[in-house]
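Line by line, the protein sequences give chains A and B. Residue numbers for the first sequence follow this note's numbering, so the first one is 4 and each next one is one higher. Residue numbers for the second sequence follow this note's numbering, so the first one is 3 and each next one is one higher. Using N, Cα and C, we set each Cβ at its ideal position, and we do this for glycine too. This one's a predicted model, so the numbers in the text were calculated from it and none came from an experiment.
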Amino acid sequence: DTEVTQTPKHLVMGMTNKKSLKCEQHMGHRAMYWYKQKAKKPPELMFVYSYEKLSINESVPSRFSPECPNSSLLNLHLHALQPEDSALYLCASTPSAGGALPEQYFGPGTRLTVT
Amino acid sequence: ELKVEQNPLFLSMQEGKNYTIYCNYSTTSDRLYWYRQDPGKSLESLFVLLSNGAVKQEGRLMASLDTKARLSTLHITAAVHDLSATYFCAVARNTDKLIFGTGTRLQVFP
Chain A
4 DTEVTQTPKH
14 LVMGMTNKKS
24 LKCEQHMGHR
34 AMYWYKQKAK
44 KPPELMFVYS
54 YEKLSINESV
64 PSRFSPECPN
74 SSLLNLHLHA
84 LQPEDSALYL
94 CASTPSAGGA
104 LPEQYFGPGT
114 RLTVT
Chain B
3 ELKVEQNPLF
13 LSMQEGKNYT
23 IYCNYSTTSD
33 RLYWYRQDPG
43 KSLESLFVLL
53 SNGAVKQEGR
63 LMASLDTKAR
73 LSTLHITAAV
83 HDLSATYFCA
93 VARNTDKLIF
103 GTGTRLQVFP
């Protein structure tokens, strides 16, 4: 298995809803990432998990809450989002963390719309 | 602060023509990545350039890295419509972070 999977593909939620995005990889990778990408912009790093511990939080608002239950799974819990949070959310993974950054493998993304 | 700039931001080119996309970055790094993104889709890895002078080629695309000039190029040879996409370069900062360039949206027309 050489891919990163993300569910759901599309999500529409109201500003009072709570929802979660899921990312999974079975490549034995030990670092996992969440990115946010607005239309016609580059991806922006949100969080990095290294060996299942949160290693980087790019000053992301608390309405986004990451979770890494095990080395294969990464969740992003969403609560009280704003319309400007509508974007493509990408998950990525790399074989290892620390040292020289190896290639990142990206999932297909979740298209989120906040109404 | 590491900044990564690409130019041009938008490129419209005729099939069969050659062109180069430039990626400049502001601080030292010896690892640079090129990705392709189709509209509404995820990022596809094209090249990983690991050292000064590195050159890699795949089909009609060739990427190079000059770490002294802090410059990478993505050269397109004899463009075809299937190459239409947005191309991003990205530079590693520290050990866990990729900083992406602004992106170049390429359109190839007949």
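*Taking three-plus beta-carbon pairs below 8 Å as touching, is the segment 52-69 of chain B in contact with the segment 14-21 of chain A?*
Result no; under three Cβ-Cβ pairs closer than 8 Å.
*asked:* Here's the rule: buried if 16 or more other CB atoms are within 10 angstroms of the residue's CB, otherwise exposed. What is residue 35/A?
replied: Buried, by the Cβ-count rule.
*Name, please, each residue of chain A whose Cβ falls closer than 9 Å to the Cβ of residue 57/B.*
Listed along the chain, the chain A residues whose CB falls inside 9 Å of the CB of residue 57/B amount to none; the nearest CB is some 17 Å away.
*Would you mind reading off the limits of the beta strand (DSSP E) that contains residue 57/B?*
Its beta strand (DSSP E) spans residues 57-60.
_Exposure of residue 18/A, with buried meaning 16 or more beta-carbon neighbours within 10 Å_ = Flag for residue 18/A reads exposed.
*Residues that residue 107/A contacts on chain B, provided the C-beta gap is smaller than 7 Å*: Chain B residues near residue 107/A: 100.
*What are the residues of the segment 84-95 of chain A that lie near chain B, defined by any Cβ-Cβ distance shorter than 7 Å?*
Residues 93.
*What's the C-alpha gap between residue 109/B and residue 23/B?*
Take the alpha-carbon of residue 109/B and the one of residue 23/B: they are about 13 Å apart.
*Burial state of residue 102/B, where buried means 16 or more other Cβ atoms lie within 10 Å*: Residue environment: residue 102/B is assigned as buried (16 or more neighbouring CB atoms within 10 Å of its CB, all protein chains considered).
_chain A contact residues for residue 35/B, given Cβ-Cβ distances below 8 Å_ = Taking a Cβ-Cβ threshold of 8 Å, the residues of chain A close to residue 35/B are 106 and 107, in chain order.
*Would you identify the three-state DSSP class for residue 88/A, choosing helix, strand or coil?*
Here residue 88/A sits in helix by DSSP.
*Identify each residue in the segment 36-65 of chain A for which the Cβ-Cβ distance to at least one residue of chain B is less than 7 Å, and report them in chain order.*
Within the segment 36-65 of chain A, the qualifying residues are 45, 46, 48, 51, 53, 58 and 59.
*Taking Cβ positions only, does residue 111/A come closer than 8 Å to chain B?*
True, the Cβ-Cβ gap to chain B drops below 8 Å.
*In three-state DSSP terms, what is residue 57/A?*
Looking at residue 57/A - three-state DSSP - the assignment turns out to be strand.
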